[in-house]
Amino acid sequence: MINDSAVFWSRILTEVTLSFHIIYATIGVGVPILIMIAQWIGIKNNDEHYILMARRWARGFVITVAVGVVTGTVIGLQLSLLWPNFMQVAGQLIALPLFMETFAFFFEAIFLGIYLYTWDRFENQKKHMLLLIPVAIGASMSAVFITVLNAFMNAPQGFDIVDGQLINIQPLVAMFNPAMPTKVAHVLLTAYMTCAFLLASIAAYRLLRGSTHEYHKKSLYLLMKLGFIFAVATAIVGDFSGKYLAEYQPEKLAAAEWHFETAPNAPLVLFGVLDDGEVKYALKIPFALSILAHNNPTAEVIGLDQFPVDEHPPYYIHYLFDGMVMIGMFMVALSLIYLLALWRDWTFIQTKWFRWIVVAGGPLSVIAIELGWWLAEVGRQPWLLRGIMRTEQGATTSEYVDLMLILFSGLYFILAVGSILALQRMFKNNPIENEIARRKERDFV
Amino acid sequence: MSLELIGICVLWAFLFGYVIIASIDFGAGFYNAYSVLTNRSDVLSDVIKRYLSPVWEVTNVFLVFFFVGMVGFFPQTAFYYGTILLVPVSISLILLSIRGAYYAFESYGMAGHKGYATAYGLAGLLIPASFSVVFTISEGGFVEMVNNYPQLNYKALFTSPLTWSIVVLSIVAVLYISAVFLTWYAHKARDHKASNLMRKFALIWSAPLAISAVGIIIEFRGHNPFRFEKMVSVWWLFAISAILFFVTTWLLWMKRNYGMMVILLFSQFALAFFAYGISHYPYLLYPYLTIHDSFTNKEMAIALIIVFILGAALLIPSLILLFKLFVFNKDYVRGIHDEHV
Ligand code: HDD
Ligand code: HEM
Ligand code: HEM
Chain A
22 MINDSAVFWS RILTEVTLSF HIIYATIGVG VPILIMIAQW IGIKNNDEHY
72 ILMARRWARG FVITVAVGVV TGTVIGLQLS LLWPNFMQVA GQLIALPLFM
122 ETFAFFFEAI FLGIYLYTWD RFENQKKHML LLIPVAIGAS MSAVFITVLN
172 AFMNAPQGFD IVDGQLINIQ PLVAMFNPAM PTKVAHVLLT AYMTCAFLLA
222 SIAAYRLLRG STHEYHKKSL YLLMKLGFIF AVATAIVGDF SGKYLAEYQP
272 EKLAAAEWHF ETAPNAPLVL FGVLDDGEVK YALKIPFALS ILAHNNPTAE
322 VIGLDQFPVD EHPPYYIHYL FDGMVMIGMF MVALSLIYLL ALWRDWTFIQ
372 TKWFRWIVVA GGPLSVIAIE LGWWLAEVGR QPWLLRGIMR TEQGATTSEY
422 VDLMLILFSG LYFILAVGSI LALQRMFKNN PIENEIARRK ERDFV
Chain B
1175 MSLELIGICV LWAFLFGYVI IASIDFGAGF YNAYSVLTNR SDVLSDVIKR
1225 YLSPVWEVTN VFLVFFFVGM VGFFPQTAFY YGTILLVPVS ISLILLSIRG
1275 AYYAFESYGM AGHKGYATAY GLAGLLIPAS FSVVFTISEG GFVEMVNNYP
1325 QLNYKALFTS PLTWSIVVLS IVAVLYISAV FLTWYAHKAR DHKASNLMRK
1375 FALIWSAPLA ISAVGIIIEF RGHNPFRFEK MVSVWWLFAI SAILFFVTTW
1425 LLWMKRNYGM MVILLFSQFA LAFFAYGISH YPYLLYPYLT IHDSFTNKEM
1475 AIALIIVFIL GAALLIPSLI LLFKLFVFNK DYVRGIHDEH V
């Protein structure tokens, strides 16, 4: 029994929930590491600015964590509410990383509570900083475990199906599937990268708004440096992800590249439109797809002709892929130019227009995260578990999914507005200049 | 002990953990709203905030642990409960999300506000009420199989007196647990005004608690005689729980030994909760789903249990540290330092 409207609305609701959760989750994964780095530099160089940086980021982090936690709880239960048939099967095969994830959450939540409420309690600042290590590990591990699960959906293994029965189940083999290494690495690095550029956006924005405080300059420099490192690593691992796809999910790569015929010397198609199966107005980079897929300009790349039409992913994922890669390249270039300019004393990086571009970098990175996930998930269609269960087979059969979509959309709207207002108020009422002045006063007394 | 029994015991223990910590949290929100509305927020708000702030995220993880573990150990529950609970659990989730997120927004970003405090307090009562419906459904009688898919009969559910008596019990229990706990916590904070006020609330709610608990047992008799008999077979556990309840209220009345009182409170609810759980055995959803036929495969079960043991070795010391720093630290509880980030 398949309830078509329930399938449709379940897909939309999953998409909305995950697209919303992923923004806050990404911040949850990346920001603890950045706080830790800032606090460490502050302690090492005895520079109060970096310590304040850590403290202010941590304050804002409380708000985003709150939204990350509640939306995560929502998606965790929605998996069973919207995809009960899928979870019944997946539970038997891949419950292990999901269960491990709850321990990562626990670990993170406990130490985050302690970290936030023991500022200045310890004589030795370093001890307080050490509390962040479990927070950062917990957050990154929760991303690792959930991504392992998602990797399994792309490359299921670790079991056999005989007469419709699941047998020979090996939970560890299921976890260490071929999609896992590149996926986990790419997800972690993009989270770190995005957080660095998001915080850099804020610093650049404060400078644009007329603050000349050294604090913002230090923070911008630190973040652009870190952002550059993470962006380069992201692009490298992204290249490996392409190679993974070429080997294990060629239909996803082919659809993302509009590569219809299996052929050697494959060019990389950028943008363009699809007109009756013809690619028009596209930018073609000769041999680039063969290089992306196999590191060899003449290698053969499998095209969509090898797959039945009803197993083709939607072709629009091409634009998602292009968008993600463009943003990735752009962020590498932007941060590199910034660092070179600082080194060579080029002053254009202090102009308004350049700072506006840096401000745009944060939101752009978030967009790249969204594009990347849509590429990965839509590109897996029509499968829920690739080759084993189609999306419509996993969905719920119950009524009222459309109504739930309306309710949850309202919820996300309220959460988005509330978190933005809370953050804005928090920092507007307490700009860095005031905070430094107050600390001076207190030390003086 | 069979693997499925180990699994369900672990999950039930975590659910109990959630019920207790969340009750304290939900009830505290209600009392806070009450004190704001009666312009006496100076009495309660401080103590409540100091307790809640560092632990609220941990509370939530207990819930997450329970439902993730449930799907792991008993994957078929995802099919049965996932299909029928779409609407009730979605409503609980929305309430839970708004309440949880706005707690953080308000504590760190925005100033206190009457309307907000009221909504927060009420949400805290609606959440247990809406979650409690899951227990009612598990008793059987509200689910039919249509084309091999379970379907919830909303009309039967909402017109059944059992549903409403469980809802009432859940709300009253939240208010009672929270009041008793906060009496002790405020006492430790040497905030005698707050402690006395909470003591009054605890005493007020003790009678309704006893009445609604007895009422439910009577309801059961009419609803499902089989389940009623199973409950009667563990009558002695319920009886000990009742005795502990009387000792707790007596200590409260006499203003004696609040530390012991809280321990007795937890034991009372633990006994009742486990007695209820034992009487439910082996059904997860009467009469369709038992812990035996819904259990996962052996490989996964063993892997999950190993992870649980390793995880517990990591968590228990961390939790102890958390409680030591915030619940059992005299200076913190009394609000001597303000060390918030
Ligand atoms: C800041 C975000 C960001 C940026 C700049 C990039 N990516 Fe990405 N990409 C992601 C964020 C992301 C992601 C959100 O993390 C995805 C979604 C699912 C996943 O595993 O990672 C992803 C998936 C993803 C996939 C699909 C993997 C799969 O479905 O299994 C490929 C092939 C690439 N990426 C390749 C690249 C390349 C060649 C990039 C060049 C710079 C690149 N990505 C930049
Ligand atoms: C836990 C395992 C996961 C499950 C069961 C799951 C399941 C699904 C399903 C069934 C869909 C609908 C497919 C469709 O709309 O055509 C979907 C889409 C989506 N998922 Fe996953 N997913 C999982 C992991 C993730 C993760 C970790 C993310 C990242 C945040 C993610 C992001 C998305 C997105 C953005 C979509 C929308 C795709 C679309 O437009 O259709 N998913 N997912
Ligand atoms: C199907 C996909 C997902 C599910 C079911 C899921 C589930 C959850 C749950 C239940 C929570 C709340 C935990 C708590 O109570 O503390 C949560 C929070 C979180 N999730 Fe997700 N999640 C998903 C996707 C992701 C992805 C793709 C990432 C990372 C890339 C991620 C990273 C996090 C982090 C770091 C938190 C902690 C909250 C924070 O620090 O902001 N999640 N998630």
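Order-wise, the sequence lines are chains A and B.
Just so we're aligned, residue 22 is where the first sequence starts under the numbering used here, counting upward by one.
Just so we're aligned, residue 1175 is where the second sequence starts under the numbering used here, counting upward by one.
Note that beta-carbon positions come from the ideal geometry of N, C-alpha and C, so glycine has one too.
Since the model is a prediction, treat every value here as computed from it, not as a measurement.
Sequence-distant residues of the same chain with beta carbon closer than 6 Å to residue i, five excluded per side
{"i": "A:H237", "result": "A224, R227, L228"}
{"i": "A:A320", "result": "S311"}
{"i": "B:T1233", "result": "I1195, A1196, D1199"}
{"i": "A:V480", "result": "Residue 480 of chain A falls outside the range modelled here, since chain A spans only 22 to 466, and no answer is possible."}
{"i": "A:P105", "result": "T417"}
{"i": "B:V1354", "result": "A1376, L1439"}
Paired residues, beta bridge with residue i - DSSP
{"i": "B:P1524", "result": "Outside the shown range of chain B (1175 to 1515) lies residue 1524 of chain B, about which nothing can therefore be said."}
{"i": "A:Q186", "result": "A:V183"}
{"i": "A:E272", "result": "According to DSSP, A:E272 bridges with nothing at all."}
{"i": "B:Y1457", "result": "B:T1464"}
{"i": "A:L289", "result": "A:I306"}
{"i": "A:W30", "result": "Answer by DSSP bridge pairing: none, since A:W30 is not bridged."}
{"i": "A:E299", "result": "A:D296"}
{"i": "A:R411", "result": "A:W404"}
{"i": "A:A284", "result": "A:V322"}
Alpha-carbon to alpha-carbon, residue j and residue i
{"i": "B:L1519", "j": "B:F1447", "result": "This structure cannot settle anything about residue 1519 of chain B, because the visible part of chain B is limited to 1175 through 1515."}
{"i": "B:F1247", "j": "B:F1305", "result": "21 Å"}
{"i": "B:I1222", "j": "A:V83", "result": "19 Å"}
{"i": "A:G293", "j": "A:E391", "result": "21 Å"}
{"i": "A:Q445", "j": "A:I453", "result": "13 Å"}
{"i": "B:E1473", "j": "A:F120", "result": "14 Å"}
{"i": "B:F1241", "j": "B:M1434", "result": "32 Å"}
{"i": "B:I1265", "j": "A:L103", "result": "14 Å"}
{"i": "A:K239", "j": "A:T372", "result": "17 Å"}
{"i": "A:R460", "j": "A:K246", "result": "28 Å"}
{"i": "B:G1396", "j": "B:P1335", "result": "10 Å"}
{"i": "A:G393", "j": "B:Q1442", "result": "51 Å"}
{"i": "A:F251", "j": "A:I54", "result": "12 Å"}
{"i": "B:E1280", "j": "B:A1293", "result": "13 Å"}
{"i": "B:L1496", "j": "A:M162", "result": "21 Å"}
{"i": "A:I56", "j": "A:F126", "result": "18 Å"}
{"i": "A:T47", "j": "B:G1485", "result": "24 Å"}
{"i": "A:A221", "j": "B:V1263", "result": "39 Å"}
Chain-ordered neighbours of residue i on chain D, where CB pairs are closer than 7 Å
{"i": "A:F434", "result": "Here chain D cannot be found, since the structure's protein chains are A and B."}
Cutoff 8 Å; reference residue i; Cβ partners in own chain excluding five residues on either side
{"i": "A:T38", "result": "T92, V95, I96, Q99, F429, Y433"}
{"i": "B:S1453", "result": "R1401, K1404, M1405, S1407, V1408"}
{"i": "A:W367", "result": "L361"}
{"i": "A:L187", "result": "V110, Q113, L114, F180, D181"}
{"i": "B:E1318", "result": "P1324, Q1325, N1327"}
Exposure of residue i, with buried meaning 16 or more beta-carbon neighbours within 10 Å
{"i": "A:K485", "result": "Outside the shown range of chain A, which is 22 to 466, sits residue 485 of chain A, and nothing can be said about it."}
{"i": "B:W1358", "result": "buried"}
{"i": "A:Y213", "result": "buried"}
{"i": "B:F1332", "result": "exposed"}
{"i": "B:V1320", "result": "exposed"}
{"i": "A:Q270", "result": "buried"}
{"i": "A:V330", "result": "exposed"}
{"i": "B:K1329", "result": "exposed"}
{"i": "A:K273", "result": "buried"}
{"i": "A:W78", "result": "buried"}
{"i": "A:E235", "result": "exposed"}
Cβ neighbours of residue i in the same chain (closer than 7 Å, five flanking residues each side left out)
{"i": "B:A1566", "result": "Because residue 1566 of chain B is not part of the residues shown, which for chain B are 1175 to 1515, the question remains open."}
{"i": "B:L1383", "result": "V1346, A1347, Y1350"}
{"i": "A:P118", "result": "F166, V169, L170, M196"}
{"i": "B:F1309", "result": "I1340"}
{"i": "A:S356", "result": "M245, G248, F249, A252"}
I'd like the ranges of any alpha helix (DSSP H) spanning at least 4 consecutive residues and lying wholly in the stretch 352-400 of chain A. 373-399
Completely contained alpha helix (DSSP H) runs for the stretch 1403-1447 of chain B, where each covers 4 or more residues: 1409-1428
Length at least 4, wholly inside the stretch 117-187 of chain A: the alpha helix (DSSP H) runs in chain order: Correct list: 146-151, 153-175.
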